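Trainee: In numbering that gives the first Met the number 0, the protein residues as written are 0 to 186. Here it is: the structure, laid out below.
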Amino acid sequence: MRPKMTPLLLSLMLLVPIAASAADVAGVNMEDKTTVNGQTLALNGAGLRKKFFIKVYVGGLYLPAKMSNPSSILASDTPRRMVMHFVYSVSKDQMCEAWQEGLDANTPNSSAEVKGGFKTLCSLMDAIPKGNRLVITYVPGTGTIVEVNGKVKGTIPGKATADAIVATWIGPKPAMGDDFKNAVLGK
């Protein structure tokens, strides 16, 4: 014989999924925290990347502590992660073009190291179908780790390259637009 669920127990069970997710953007649930090398990072903010009114991806920026100042984020040498859930399929060429636009707009006098890092980033990209997840994680002393659907594609050394990648989202002229920038900055 099955015991009857009390209304209180049922209510608590319904709250569990809500408590596990910090943000729901365009139907994508962003977890409230993630772990990098044993360190917990909190969701700083999440937003929807649009291009010409097309919803491209939902991105969430994870940091050790909430920060809304881009300069402070870039100055810190701590782990950080951007998680992108694609809601639209994107070709390799589109990805590389977006990375290059972001680099040119936010780091116009970038060093040879940073330019080389972006070439490596582009070489790690494939077409990203709708429903896939791209994760870009900076780990001090290691570099920027690029993952697609949980599979590591490669690591790009150097903090300068990591900063330039993050600047494409939160720099003075974000390729993703000010709405996305403000959302991931928690504004």
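Glycine included, C-beta positions come from ideal geometry on N, C-alpha and C. As the structure is a prediction and not an experimental result, all values here were calculated from the model.
Would you list the one or two residues that DSSP bridges to F85?
Mentor: F85 is bridged to Y56.
Trainee: Measuring only between beta-carbons, confirm whether F51 sits less than 8 angstroms from chain D.
Mentor: The structure shown contains no chain D; it is built from a single protein chain.
Trainee: Hey, V35 and T119: beta-carbon distance below 8 angstroms or not?
Mentor: No, these two residues do not count as a Cβ contact at 8 angstroms.
Trainee: Using only the alpha-carbon positions, how far apart do A97 and P173 sit?
Mentor: If I take the Cα positions, the gap works out to 10 angstroms.
Trainee: Let me know if I127 comes out buried or exposed under the rule of 16 or more other beta-carbons within 10 Å of its beta-carbon.
Mentor: With 16 or more Cβ atoms within 10 Å of its Cβ, I127 is classed as buried.
Trainee: Closer than 6 angstroms by C-beta to V134: which residues in its own chain qualify, once you throw out the five before and the five after it? Chain order, please.
Mentor: Result list for V134: V82, E146, in chain order.
Trainee: Nearest by alpha-carbon distance to T77: which of L47, V55, Q38, V57 is it?
Mentor: Nearest option by C-alpha distance: Q38.
Trainee: Distance, Cα to Cα, Y61 vs A41?
Mentor: Approximately 5 angstroms between the Cα atoms of the pair.
Trainee: Quick check for students: name the residue ranges of the alpha helix (DSSP H) that lie wholly in the region 78-157, counting only runs of 4 or more.
Mentor: Listed in chain order, they are 91-105, 111-123.
Trainee: Exposed or buried, what is G26 when buried is set at 16 or more other beta-carbons lying within 10 Å of its beta-carbon?
Mentor: Burial call: exposed.
Trainee: Mind checking which residues open and close the beta strand (DSSP E) that includes N181?
Mentor: First-last for N181: 177-183, but that is the alpha helix (DSSP H), not the beta strand (DSSP E).
Trainee: Looking at T160: is its Cβ nearer than 8 angstroms to the Cβ of G116?
Mentor: Yes. Within cutoff.
Trainee: Does I256 pass the burial test, meaning 16 or more other C-beta atoms within 10 Å, or should it be called exposed?
Mentor: Outside the shown range of the chain, which is 0 to 186, sits residue 256, and nothing can be said about it.
Trainee: Looking only at its chain, what residues have a beta carbon closer than 8 angstroms to the beta carbon of K114, apart from the 5 residues adjacent to it on each side?
Mentor: Once the five neighbours on either side are set aside, the close Cβ partners of K114 are L102.
Trainee: According to the neighbour-count rule (16 or more other Cβ atoms, all chains shown, within 10 Å of its Cβ), is I53 buried or exposed?
Mentor: Result: exposed.
Trainee: Of the choices K50, R80, S70, whose alpha-carbon is the least far from that of S89?
Mentor: Correcting the residue identity first, residue 89 is Val in this sequence and not Ser. The candidate whose alpha carbon is nearest that of V89 is K50.
Trainee: Could you check the C-alpha separation between A104 and T167 for me, to the nearest Å?
Mentor: For A104 and T167, the distance between alpha carbons rounds to 8 angstroms.
Trainee: Taking its Cβ as the centre, do 16 or more other Cβ atoms sit within 10 Å of A111, making it buried, or is it exposed?
Mentor: So A111 counts as exposed.
Trainee: The alpha helix (DSSP H) that contains A74, what's its start and end?
Mentor: Element bounds for A74: 69-74.
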